[in-house]
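Numbering (the working numbering), first residue to last: 3 to 921. Some notes on the structure that comes next.
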């Protein structure tokens, strides 16, 4: 027998050591345990306990030894370290075939310690353990123990605890100690984040993600985390924390800034010394306080020195020029250590000419808002300002204040200033702003005007200059009058005259007014000149009559006069557009141009979108005596204002005046109950731009031209009625199931859905830049010609299948490019003739653009002659060959001098040029 040695049975998974015990295991042979517990002395003469077995003479040994129940304590993989001795079978005589030099390690998981007997089949084998060193009988006699140490790992994840078991199959072995442990990544601090003691993962290759928590006085800059490896080592940290303001990192912790130092932001690396003219008296300062008399603006960083307000401006001088004053001054002697000094000018008008204190509110009052300051009255960076539009012969006091970023923070009251008093000189009057015609005959015009806004003294007389428009001021006449009217006689009948009026005071004549044009036509109305809006002044009894015909406008409020006026003024059979916004009562406009529909005739089926005023639905309309039709229904949402109601109804008043197959048809309105509704025909395919994008490349060129022809036909109808659309774009064209395109969106106040940059109100406000002609953007001059420009953009949208005009360019870049002559290139596979028509629509001079009638004729010719649509513009050179001669091609690229060289080389047509090489 081997000498007995103690067995160390403690486990790092348990609070107290747990010895191995020799428990019976239910085996197939039901043998009793053969392990023996033996006490021996180790080499230091300390008694130890061992379990040993040495039944090497008997075959088929199956001896089991298992531990107590070991709680898992959260471990997912445990390690078993076994120290043992093993007898060399060769040193034992007569044991051939029955002696073994290995034993087996098993484990069994369980939720509780209640299993006194466990079947052999319930254990799971971990490994067969062999000895690296064995001993012989001689070794034992000499006390040379060959101690072996083996470690095996076990994955335990399903139950609360487990048992270990050792199976002897015929070896001479002694178990000296068994240590059970698991691995953790120890508590650590990295990047100012604390990571707790963490149990490793279940698999040898698994990583456990652990989120750290910021140490005291710190805040997270990026989520701190690390991964715990299976070997119990932390991997490279990710993210981390910053020390809070007033604290800096020292030794892995956040320590307060000492007195005289500060830290304003957590991202700052360390505490910094207080900047000049500031201090901190306590630890943990986030900002240094300013010394007395010094200040810091709200926008100043904490690292900036404390500064002072400026002193007063110096050397203020003034130069008077009639009713203008030029003020100049020198910067303050002391700027307070800053470079952001600004100036403001205070203007006081004084009633007396004597020197009075400017603080006397009875003698000096603030100047009116009509006084102009150039470049500005407030926030001046320069030391010079021009004050104009002052009253003549008036005393003014100007005070220039100096401020900087800490003037308001200083609490010092008003800013340091310097003042000067001046008296303006005499000055000529300002121009007359408006001339009106009171009466007209074939040979005379009775004119009237208002006194100039700024007479600058007593008006002594007025001077009227006039000439025939065709003469262009080459020959003019002058009339003078003391009143604000003049009767100009001796004029030619049916002739347009241009009039200018100016006033004279003791200071002399002022400037002439802008030109006003009037005609001696038997009907007394002014004509619209370039950039001037004027109106028919018909019959004084028929006031407020307003219609539109060409460039002529009339105002009306009495609908009973309308038919008689139209019959007198318009050619027979001409239909004109009447602006509904001229009605005082929008309900009257609706009554004149739209049909009221009983709400019971409408059946709403589903919501198809949201408009500016409310929901847009589809449904059916069944009127008495007519077949049921599908319709679109726009409704006015609850809580609308009077303006929203007027704008909503005005679109119906506009649509109700149109009757054309390429204009969206108004079926009627609902105004006698809520919600208010506008009923139009239903267009199954929705807006043209979305429809084209959905069916990209699916139409022939002839089909696309057919769509363009329909849009042009609708626009010709509108232009013939003298209606300017202002927002012609593919998004505002609707398509029905037969691919018929119809112009829509006639609301005068609308917001474009697809481009926040281009949101606009058509009457006053922003403009859809990408679709609008340059003169409409710059001067708000909307005409049929500007609609033609927009039509060219629509052509480009159609041929490109709904691509965004000018792509991702912003509005400013688009305006600049167009102003510099840039025009959209031809879309892919666009026929040359169509792109040329687009370019014609984009002529800079509006008079050079084609009319819609001409556009319609051109498209009709293309449809009748499809062969003209075969020549295209393509990015593939072989796809399109221009119908030019070789000489014309050379001429177009400035190389016509090589004409004979190309001819001698055999290049006689453009097809042959495709084979041209560099040589």
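Quick reminder that beta carbons are idealized off the backbone N, C-alpha and C, glycines included.
Quick check on DSSP: helix, strand or coil for residue 686? coil
What residue range does the beta strand (DSSP E) around residue 502 cover? 498-507
Is it buried or exposed for residue 437, if we count other Cβ within 10 angstroms and need 16 for buried? buried
Top-ranked residue by Cα proximity to residue 117, from 47, 231, 602 and 165: 165
Closest by CA to residue 426, which one among 392, 171 and 599? 392
So residue 730 packs on residue 717, CB below 8 angstroms; how close in whole Å? 7 angstroms
On a CA-only basis, which of 160, 159, 120 and 105 is nearest residue 134? Give me that one, please. 105
Going residue by residue through the segment 149-214, where are the continuous beta strand (DSSP E) segments of at least 3 residues, counting only ones entirely within it? 150-157, 163-170, 175-184, 190-192, 195-197 and 210-213
For residue 440, does the count of other Cβ atoms within 10 angstroms reach 16, so buried, or fall short, so exposed? exposed
Using the C-alpha atoms, what's the distance from residue 522 back to residue 469? 13 angstroms
Residue 515 and residue 486: beta carbons closer than 9 angstroms? no
Could you tell me the distance, in whole angstroms, from the CA atom of residue 680 to the CA atom of residue 734? 17 angstroms
Count the CB pairs spanning the segment 41-58 and the segment 151-165 that are closer than 8 angstroms, and state whether there are at least three. no
Along the chain, where does the alpha helix (DSSP H) containing residue 372 start, and where does it finish? Careful: residue 372 lies outside any alpha helix (DSSP H) and carries neither H nor E.
Which term fits residue 900, buried or exposed, when burial requires 16 or more other beta carbons within 10 angstroms of its beta carbon? exposed
For residue 397, which residues does DSSP report across the bridge? 352 and 425
Taking one C-beta from the segment 374-391 and one from the segment 267-284 each time, how about it: are there three or more such pairs within less than 8 angstroms? no
Which class does residue 905 belong to by DSSP, given the choice of helix, strand or coil? helix
Evaluate the contact criterion for the segment 619-634 versus the segment 642-661: three or more CB pairs, one atom per stretch, below 8 angstroms. no
Are any of the Cβ atoms in chain B nearer than 9 angstroms to that of residue 697? Any reference to chain B falls outside this structure, which holds one protein chain only.
Contact between the segment 807-814 and the segment 684-702: three or more CB pairs below 8 angstroms? no
Give me the Cβ distance between residue 446 and residue 491, rounded to the nearest whole Å; I'm assuming they're in contact under 8 angstroms. 4 angstroms
In terms of residues, what are the limits of the beta strand (DSSP E) holding residue 440? 437-442
Would you report the Cα separation of residue 273 and residue 197, rounded to the nearest angstrom? 26 angstroms
In chain order, what residues of the same chain lie with their CB nearer than 8 angstroms to the CB of residue 203, ignoring the 5 residues before and after it? 78, 79, 209, 210, 230 and 232
For residue 137 and residue 8, the rounded distance between their alpha carbons: Summary for residue 8: the model assigns pLDDT 27, below 50, so the residue's position carries little reliability, and this model does not support an answer.
Distance, residue 242 Cα to residue 250 Cα: 14 angstroms
Based on the DSSP output, what are the partners of residue 1 in its beta bridges? Nothing can be reported for residue 1, as the shown portion of the chain is limited to 3 through 921.
Taking the Cβ atom as the reference point for each residue, do residue 460 and residue 503 lie within a distance shorter than 9 angstroms? no
Across which residues does DSSP place residue 79 in a beta bridge pair? 157
Can you give the Cα-Cα distance for residue 792 and residue 831, rounded to whole angstroms? 21 angstroms
Residue 48 lies in the alpha helix (DSSP H); which residues open and close that run? Unbroken run through residue 48: none, as it is neither H nor E.
Beta-bridge partners of residue 309, as assigned by DSSP: 297
Tell me whether the segment 796-804 and the segment 690-697 touch, counting them as touching only if at least three CB pairs, one residue from each stretch, are closer than 8 angstroms. yes
Reduced DSSP secondary structure (H/G/I, E/B, other) of residue 104: strand
Report the residue ranges of all beta strand (DSSP E) runs contained in full by the segment 621-647; include only those spanning at least 3 residues, in chain order. 631-637
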